[in-house]
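Below is one structure; the comments refer to it alone.
There are 2 protein chains.
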Amino acid sequence: VTQNDAAMACLSERAKNLLAVMSVEEKIGQLHQAAGGRSKNLNSKLTPEELDKVRRGEIGSYLHVAGAKELGELQKVAIEESTHGIPLLFAMDVVHGYKTIFPVPLGMASTWEPAMWESASKIAAEESTASGLHWTFAPMVDIARDPRWGRIVEGAGADPYLGSVMAVAQVKGFQGNDLAAGNTMLATTKHLGVYGAPTGGRDYGTSDVSERTVHEIYMPPFYAANAAGSGSYMTAFNDIAGIPTTANEELVDGVLREDWGFCGMIVSDWNAIDELRNHGIAADRPHAAALALKAGVDMDMTSEVYKNDLAEAIKRDPSLMADLDLAAGRIITIKEKLGLFDNAMAYHDEAREASQLLTPANRAEARKAAQMAAVLLKNDNNALPLSTEPQRVLVAGALAQDALTQLGSWRARGDVNDVVNIIDGLKNNAPEGIEIDYVVGADPYNDDVSGLSDLTEKAANADRILLVLGEHFDLSGEARSRSDLEIPPSQQAMLQAAIDTGKPVSVILVTGRALAIPEVDAGADAILNIWMGGIETGNAVADLVYGKVSPAGRLPISFPHKTGQAPFTYSENPGGRPADPDITKDTNRFMDLPITPLYAFGHGLSYSSFEYSDLSAASNQVTADGSIELSVQVTNTGDVAADEVVQLYMRDKLSFVARPKLELRGFKRISLEPNQTANVTFTLSPQQAAVYKSRNNWAVESGELEFFIGHSAQDLTSSQTIEITT
Amino acid sequence: VTQNDAAMACLSERAKNLLAVMSVEEKIGQLHQAAGGRSKNLNSKLTPEELDKVRRGEIGSYLHVAGAKELGELQKVAIEESTHGIPLLFAMDVVHGYKTIFPVPLGMASTWEPAMWESASKIAAEESTASGLHWTFAPMVDIARDPRWGRIVEGAGADPYLGSVMAVAQVKGFQGNDLAAGNTMLATTKHLGVYGAPTGGRDYGTSDVSERTVHEIYMPPFYAANAAGSGSYMTAFNDIAGIPTTANEELVDGVLREDWGFCGMIVSDWNAIDELRNHGIAADRPHAAALALKAGVDMDMTSEVYKNDLAEAIKRDPSLMADLDLAAGRIITIKEKLGLFDNAMAYHDEAREASQLLTPANRAEARKAAQMAAVLLKNDNNALPLSTEPQRVLVAGALAQDALTQLGSWRARGDVNDVVNIIDGLKNNAPEGIEIDYVVGADPYNDDVSGLSDLTEKAANADRILLVLGEHFDLSGEARSRSDLEIPPSQQAMLQAAIDTGKPVSVILVTGRALAIPEVDAGADAILNIWMGGIETGNAVADLVYGKVSPAGRLPISFPHKTGQAPFTYSENPGGRPADPDITKDTNRFMDLPITPLYAFGHGLSYSSFEYSDLSAASNQVTADGSIELSVQVTNTGDVAADEVVQLYMRDKLSFVARPKLELRGFKRISLEPNQTANVTFTLSPQQAAVYKSRNNWAVESGELEFFIGHSAQDLTSSQTIEITT
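Those protein sequences? They're chains R and G, same order as listed. Quick note on the numbering used here: the first sequence kicks off at 18 and runs consecutively. Quick note on the numbering used here: the second sequence kicks off at 18 and runs consecutively.
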């Protein structure tokens, strides 16, 4: 089969039949995605003139739209009044919930529980589809190792293995088993390429990484999402070493479609096709259209380059007609898979929309997610949970009442009025004898610290201070790159004021990125990082603070001591002079910092304690196509029921290229009662140690792999060596 | 010709003849470089037992040795008492001077005057060879864009074009026209590969950059040095995307030897061959030997892997014998080129050694270099030079008397007692009427700020304060990576104390890296960055401060506002959403910083002022093999004679890959009297716009190139468009 045969085989019969009768203009129309409104003012552009465009077949999809009724009426126009009756595709950035907002993705990743993220995505799909939507621009699976990058909040953190598992969970959650079920949603795995490593962490910048890193670090979640059936992909805004992914034929048509056999649809990011001119690779808009279409980008998000300039590009190069047919055919095929040709009105049941959003069950799941996402970074002298003895607790910090921040970046239809904020959660759930007082203290939105005198005053009557501090919602997210990873000055000042009272200070940390918080670590007895916890944040915080639930979230990225320590991962190559704590040796380290981060990848404390047996192997010799089985016994040796995240790391000791010091290759979140023991087994394939050689060519080498079990990447308890034979 | 034929053609007849009669052990001996002492205790290991090794032909070269007499005696043993009489090669890190220490390399780069650096290298060669040395491990041409990396002090900064010009200057200066002249020295262009981009700026770490960046950014200075005849190269410690350069056959034997036709010798870095085991690519020492030798590394610096384990490697793989012959043959050939077979004693003339080191002429050249290297970063209200009116100047800061710091990293035989420190220079050269007082203030070696009260006290009697602050010598250099680009706390405190006196504060900045000094910029009226200026620092500073000479150094790397702004270059790709000062737009920037650095690449002020005519072109259409000629008229419009550095930048507006926003493609440092005008012409080749496609395959495209003339990368005055036709 030729490549074109393979591509044609991805199209449905209906799509092929339609292509045979559609005009060039109608085909181009399918490739055009228009904004039906603004992200904060949905449907606002759906004017009568816009409906005429739908009738003429000039629109393939809308984003920034919602509503069972409104979109149902729009869909009827497409189906009943356009020449070929091709339905529209309705899209929205439903990233971590639609109406029931879950923790931000970086928080969801901290659950280290794919079943939780799958469930959250399923709920998001049920709610979104009840509101007439078919398609979300999630999951974002961009590996991010530099917390200066604002969009780190939208992904699963620094690790390709964790990221891959979480990508699969989201795809399964959104799409279910049947895209036509009416309550499942087309996923968009994004942003294909290497969006997460812009130079200096500045959003949209060049990712100048090696080919090996492209394929070993950034591509695995995209690969995993394809294996899980992701129906669409979005290309990244930025360039890899000069090639914008929106025009990267080798990566898009080559790796994703040809090598991996992806059959679905690919959409550009917002205005990105036109921006190929800014990149300096397209001379004009028709040129931009040709580059993107040739690369394999089917749908043009809002730039109108396909809509207005693809015809001219085809005039210049008639061979583009074949690409146009494929693109239009893929879009029509995905519409068919969503059931839109046969039962489009499944998405427009107003009764369902009225009853199935923000249900108590959905809220309960969001509360559970927020509990699971929280990472206990520090807990000296068991400062948390609060003891049940009667006590007066002063909660301080404007973030405690900031509902908007808990919705985080991309909040879809999330409403601040539906958020249980932290102070309400703590008050409403307070056990008898615990008196909660509150002072605003300092606000992360400004430098006003006048409220700190109130804090000092009220603290005099308190037994302890619970400080809610960190970054507000608008300091992370798209285009929210920051040169400074410290908490804002007002938050620093509030911390110092609290410490100065002499009362014990515990901190609830609110953030959408990894932060450099050495002074919080030094000054607080406990730090509970809740990220931005979604609609049930306050209740979840209460559950954790009052000890109803033990925290068991784990960091999906390390927290640095200082801004200048980033980027840093546990997974770097050792180098010829591996980092050594002995500063008199010349090694791979900073002279002014420890060789480890403030909090390591995988770190997270518990209210309980766990003991691990030595790691054991079913067999110490495995063939390359065999399977590696490793087990460990885990016992809850503490006094409370708690979850534990058991982590398995790998080291390939000898290869033809340097391999990372450690690579995560398995994890399991388990729940154990006090004194309960679980046997945790990991089954791996030697393929998981494959080393990239060249495109579509990976080597599984014979030799020794060392596996480590541990509590974090920096706290390993035992190891096992397995020999791979080929 | 086969590759082996080409390689054999690089060997001299004498080398071939010797190879025919040498034993395997003797050949291996040539490949071994031993430490003849410690870097601070030269010759200390040259024991009678060591001489026996020389007699047995077990040593090819010594480093950490010096002295016309001592090395002459040692050489006689090799020539007269070893079986084949093959002379030894004596090496030292003579980086920015031997006895007459010049400014640190980053300072030399700031002269933007290759003739100056050529002259400094020539003097270094004359002095070194008078002391019996043949070989220096310089120039270091590693492009460095992240000032956290401590070795940034050793190179020419961030730019491949500036770096290439300066690489050529140093090779020419060290080697002259005849390596056998007796007063010229074999250069080592180092560290082949991408040593200057370790992850996070941590020395020895992985450089994970794209292939394009390897070849377009990091390789050009190596290429230029080869064209200039560099007789040897050193491979880098670190790996590029997993491949340690010491074992990188494609880059070493492939690109350098095969593609570029390099005929000389390649040496490893200190212990680096053994460290291939730490990298995880060598199973044992014989394996490490095989990897390095196959890659093309001829000489083993001190790891004794070749010496002790290459024989075993050859047993395992007899094909290595051919590589051994080539390596030994290249070493013997270079010894011959240095005249060591015919006139080894030219390097051991004790009278010459006694008379030709640290001559007044050499000192004068070092003073000129320090003048030329200084960069006037800021000069509000013409605070510098000091007016000739009588005034009392309080000089403050321990660095003003720290002679060691002015010698910088790698000081060869530089002696603190020979350094004119800053305070002595200012006192000794003070014009009549200028009274210099001095207070130590605060010391960058510690946090003791007790001396600041003295500063405050003495300032009361002063008209102005001249603050000498910055980093001491040991904060930059090998293994001196830092997570923090701010000046040490004691220096910050001293700045604040000086500002608090209310007296005008000018700053003499001492540093071996680009720093984040917003508070110095805000608090001082003038900042003169002298880097670490070498043996004549104090005199040069006096010349500049008192206005005898106008500063005209230019930054070879930008200074960031904050640590977290690095890495940053003027030369990044524009991206689809180029950085915009308007913070309400979503563009490639930080939200918490301006889009420009604190001081741009190419920035540097003058005591005079210059006006440029519009840039003009001899022809606006040039064929790909033609030549581009651009001219500008430059007039000194100020009141004093001064140098100006005219800078030419290029922008390739459209290519098949995104091209940098700007690329330096020419510069000229000129001296002009007041009202004098010069016509500055740049002749370029369209080849200078070639774009990397794949190994040894570069494209020169037809289309428009835009050229800009300016005072810095951020201060462009006019442009010209040239069309390249193919």
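All residues carry an ideal CB built from backbone N, CA and C; glycine is no exception. Predicted, not measured: the structure shown is a model, and the values here were computed from it.
Taking residue i as the reference, which of the options has the closest Cα?
i, options, result
"D220(R)", "A706(G), A204(G), P595(G)", "P595(G)"
"G259(G)", "Y709(R), D359(R), F627(R)", "Y709(R)"
"N243(R)", "V269(R), V226(R), E228(R)", "V269(R)"
"G425(G)", "G564(G), N714(G), P122(G)", "P122(G)"
"E474(G)", "N265(G), A32(G), G519(G)", "G519(G)"
"L88(G)", "T100(G), T64(G), E75(G)", "T64(G)"
"Y666(R)", "W287(R), A381(R), G727(R)", "G727(R)"
"L209(G)", "S702(G), L502(G), I160(G), M133(G)", "I160(G)"
"L403(R)", "V322(R), R676(R), E452(R), E382(R)", "E452(R)"
"G53(R)", "A307(R), F107(R), K44(R)", "F107(R)"
"G431(R)", "L36(R), Q20(R), S56(R)", "S56(R)"
"G414(G)", "W427(G), A253(G), L472(G), M282(G)", "L472(G)"
"A289(G)", "V522(G), E321(G), S224(G)", "E321(G)"
"R481(G)", "D464(G), K354(G), P521(G)", "P521(G)"
Looking at the structure shown, is residue i part of a helix, part of a strand, or coil, going by DSSP?
i, result
"A386(R)", "helix"
"R430(R)", "coil"
"H728(R)", "strand"
"M202(R)", "coil"
"G487(G)", "strand"
"V38(G)", "helix"
Using a Cβ-Cβ cut-off of 6 Å (strictly less than) and excluding sequence neighbours within five positions of residue i, which residues of its own chain qualify?
i, result
"Y364(G)", "T146, G149"
"G217(R)", "none"
"K86(G)", "E367"
"D176(R)", "L681"
"L357(G)", "P104"
"R369(R)", "A147"
"T350(G)", "L28, S29, A32"
Leaving out the 5 sequence neighbours to the left and right, which residues in its chain are closer than 7 Å to residue i when beta-carbon positions are compared?
i, result
"L375(R)", "K116, T117, D435"
"D441(R)", "G555"
"L120(R)", "Note that residue 120(R) corresponds to Pro in the displayed sequence, not to Leu. Closer than 7 Å at the Cβ level, and outside the excluded window around P120(R), lie H113, A386, A387, A390, W548, M549, G550, G551."
"E1(G)", "The question about residue 1(G) has no answer here: the residues shown for chain G are numbered 18 through 743."
"H296(G)", "D256, P261"
"R409(G)", "E452, D454, N478, A479, D480"
With a threshold of 8 Å on Cβ separation, who are the neighbours of residue i within its own chain once the five nearest residues in sequence on each side are excluded?
i, result
"A617(R)", "L572, S575, Y587, S729, A730, Q731, D732"
Report the residues of the segment 659–677 of chain G with a CB closer than 8 Å to any CB of chain R, ordered along the chain. Here the close residues are D669, K670, L671, S672, F673, V674, A675, R676.
With 8 Å as the limit, tell me which residues of the segment 244–257 of chain R have their beta carbon closer than that to any beta carbon of chain G; keep them in chain order. Contacts with chain G (Cβ-Cβ distance below 8 Å) from the segment 244–257 of chain R involve F254, N255, D256, I257, listed in chain order.
Would the segment 457–471 of chain G and the segment 581–592 of chain G be scored as touching if the rule is three or more Cβ pairs under 8 Å? Proximity of the segment 457–471 of chain G to the segment 581–592 of chain G falls short of the contact definition, fewer than three beta-carbon pairs being nearer than 8 Å.
For the segment 266–275 of chain G against the segment 299–307 of chain G, do three or more pairs of beta-carbon atoms, one drawn from each stretch, fall closer than 8 Å, so that the two count as touching? No, the segment 266–275 of chain G is not in contact with the segment 299–307 of chain G.
Near-chain C residues of the segment 227–243 of chain G (beta-carbon distance less than 7 Å), N- to C-terminal order: In the structure shown, chain C cannot be found, because the protein chains are R and G.
At a CB distance below 8 Å, what residues from the segment 162–176 of chain G approach chain R? Give them in sequence order. From the segment 162–176 of chain G, only R165, G167 have a Cβ closer than 8 Å to chain R.
Assess, as a yes-or-no matter, whether the segment 516–536 of chain G is touched by the segment 165–172 of chain G under the definition of 3 or more beta carbon pairs within less than 8 Å. Yes: the two stretches touch, three or more of their Cβ pairs being nearer than 8 Å.
Please list the residues of the segment 95–124 of chain R that have a C-beta atom closer than 9 Å to any C-beta atom in chain G, keeping them in chain order. Per Cβ criterion, the list is empty.
Below 8 Å, how does it come out for the segment 633–645 of chain G and the segment 603–614 of chain G: are there three or more Cβ pairs, yes or no? Flag = no, the segment 633–645 of chain G and the segment 603–614 of chain G do not touch.
When you compare the segment 647–664 of chain G with the segment 617–630 of chain G, are there three or more beta-carbon pairs, one atom per stretch, that lie closer than 8 Å? With the cut-off at 8 Å, the segment 647–664 of chain G and the segment 617–630 of chain G touch.
Examine the Cβ distances between the segment 506–521 of chain R and the segment 469–489 of chain R and report whether three or more of them are shorter than 8 Å. With the cut-off at 8 Å, the segment 506–521 of chain R and the segment 469–489 of chain R touch.
At a Cβ cut of 8 Å, what residues of the segment 482–514 of chain G count as close to chain R, listed as they run along the chain? L492, E495, A496, R497, S498, R499, S500, D501, L502: these are the residues of the segment 482–514 of chain G whose beta carbon lies less than 8 Å from some beta carbon of chain R, given in chain order.
Against chain G: residues of the segment 190–221 of chain R by CB proximity under 7 Å: Residues are counted here when their Cβ sits less than 7 Å from a Cβ of chain G; for the segment 190–221 of chain R these are T216, G217, R219, D220, Y221, given in chain order.
Name, going along the chain, the residues of the segment 579–595 of chain G whose beta-carbon falls closer than 8 Å to a beta-carbon of chain R. Answer in chain order: K579, T580, G581, Q582, A583, P584, F585, E589, N590, P591, G592, G593, R594, P595.
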